[in-house]
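Line by line, the protein sequences give chains A and B.
Remember, the numbering used here sits 365 above the position in the first sequence when you count from 1.
Remember, the numbering used here sits 10 above the position in the second sequence when you count from 1.
Here the structure is laid out as structure tokens; the discussion comes afterwards.
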Amino acid sequence: MRYNERELLSLARQPAEKAAEIRMSVPKKGSVLKKRLVKLVVNFLFYFRTDEAEPIGALLLEHCRITKEEENVFSISFIEEPERKYCFECASEQQCQEWVEALKRASYEFLRRSLIFYRNEIQKMTGKDPLEQYGISEETRFQLGTHQQ
Amino acid sequence: MKLNERSLAFYATCDSPADNSGFLYKRGERYTAYHRRWFVLKGNMLFYFEERESREPVGVIVLEGCNVELCESAEDFAFAIRFGGTKSRTYVLAAESQAAMESWVKSLSRASFDYMRLVVRELERQLEEMRRGLARGCGGSRESPSSWKPKPSGLARSPEQLPALPAVLPKENGCAVWDNVVGAEQRADSSGCGGHGEEGSPQPPPLPPRRRVSDGEAVAQSPSTFCRLHELYSRDVAQLRQHWLQKQRGPQP
């Protein structure tokens, strides 16, 4: 699949929501945990060799499942292939929990659901649609009906 | 750089609703001919397929940090997705009608995660302000002045049951620039969705000045003291209420 690699690389260089050195393994036969710099930027998780400026890879965090595994470990898998897991071994249980929380909220879809929720709440409290002032009330992406899963 | 392509393809083709879809002409990379492709916009990802029925996208354009603008082209209804930075590619697309072009420009210019986050943050802030307003006890403004009673500051009271937020959005940490506000705001404005700072939602009235209990004044020791207090408070409230009502009416034409 073609993609705009240059822009994605540029995204990888931006300030991260969260970044840390974490041991990680990919879902490939014989894969072992290796220390990587893992960086969350918008809904992408980039992973780098610790001394390199360009990421080895990127995971788009949509339709994925973040699972707390054993102590200090969490995994990312995608709903169409739940057995293929990217595993992450953190330095501590706390770090592990923080990443799990952050990654669960990292998707565009989560953001959308939050927006719809807040919009609804404000509308209930004030009787007004808060998106009207931005002129975006009619946008498909903000509609309650279309995006319930 | 590896990408989780299989998951991307799944995301593109699964039945989660698209934010926009339709045929667009895409100009080739080296100023070659336009190719008609089926485009599907989901979130900040613009996928394109060879055919509408194709099982897998030919490619995807990640829509972060881009501007969407109309452009000069021999082709009618053309617009461009332009990225910053040197050597960045500009994607030139053309719709099949004016309406389609406008619809695409609108949906693409607001497709970024950054933009979405900006809007969510703003709504979150508004909601928080409203809750604080409730907690300060501005419910009293609805009652007539004579029945108003002084209430303690919001901190001491438990506000009415407020709806629970979904798991709260990530906290700002030391290395996060959550807002990326400068860039994001500029982009948002340039695509024409201004209109910030309108006096739309009503502000709760300000808290009346508190009487200090230590003055001894608040202790109703006799009917006359109580009446005096009652008078004082009701005058305050009547004034504040007037002021607040005037402000409410103010911005309206």
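C-beta atoms are modelled at their ideal positions from N, C-alpha and C, and glycine is treated no differently.
No experiment lies behind these values; they were computed from the predicted model shown.
Where lysine 383/A is concerned, the enclosing beta strand (DSSP E) starts and stops at 383-390. Rounded to the nearest whole angstrom, the C-alpha separation of glutamate 63/B and serine 107/B is 22 Å. When the alpha-carbon of tyrosine 58/B is set against those of Gly94/B, Ser83/B, Lys36/B, the nearest one is in Lys36/B. Taking a 10 Å sphere around the C-beta of isoleucine 71/B, we find 16 or more other C-beta atoms and assign the residue as buried.
In the structure shown, threonine 96/B adopts coil according to DSSP, grouped into three states. Collapsing the DSSP output to three states places glycine 32/B in a strand. Sequence-distant Cβ neighbours of leucine 374/A in its own chain, meaning closer than 7 Å and more than five residues away, are Glu419. Inter-residue distance for valine 102/B and glutamate 427/A is about 27 Å (C-alpha atoms, whole angstroms). Nearest neighbour of proline 495/A by Cα position, chosen from Ile387/A, Ile421/A, Arg484/A, Leu480/A, turns out to be Arg484/A. CA-CA distance, glutamate 474/A to serine 98/B, rounds to 28 Å.
The DSSP assignment places 69-72, 76-80 as complete runs of the beta strand (DSSP E) inside the region 58-89 of chain B, in order along the chain (cut-off: 3 residues). Serine 375/A belongs to the set of residues whose beta carbon lies under 7 Å from a beta carbon in chain B.
Contact check for leucine 480/A against leucine 18/B fails: the beta carbons are separated by 7 Å or more.
With distances taken between CA atoms, glutamate 61/B lies nearest to Arg46/B out of Arg46/B, Leu51/B, Glu112/B. With contacts defined by Cβ atoms closer than 7 Å, alanine 423/A and phenylalanine 439/A do not form a contacting pair.
Asparagine 30/B and arginine 378/A have their C-alpha atoms some 29 Å from each other.
Cβ proximity to chain A below 7 Å picks out Met126, Arg127, Val129, Val130, Leu133, Glu134, Gln136, Leu137, Met140 from the region 125-144 of chain B. Put simply, of Arg430/A, Arg449/A, Glu445/A the residue whose alpha carbon is nearest the alpha carbon of alanine 22/B is Glu445/A. In this structure the region 495-507 of chain A does not lie against the region 453-468 of chain A, because fewer than three pairs of beta carbons, one per stretch, are closer than 8 Å.
Counting along the chain, the unbroken beta strand (DSSP E) around threonine 432/A starts and ends at 429-433. Uninterrupted beta strand (DSSP E) stretches at least 3 residues long and entirely within the region 413-477 of chain A occur at 422-425, 429-433, 438-443, 446-454, given in chain order.
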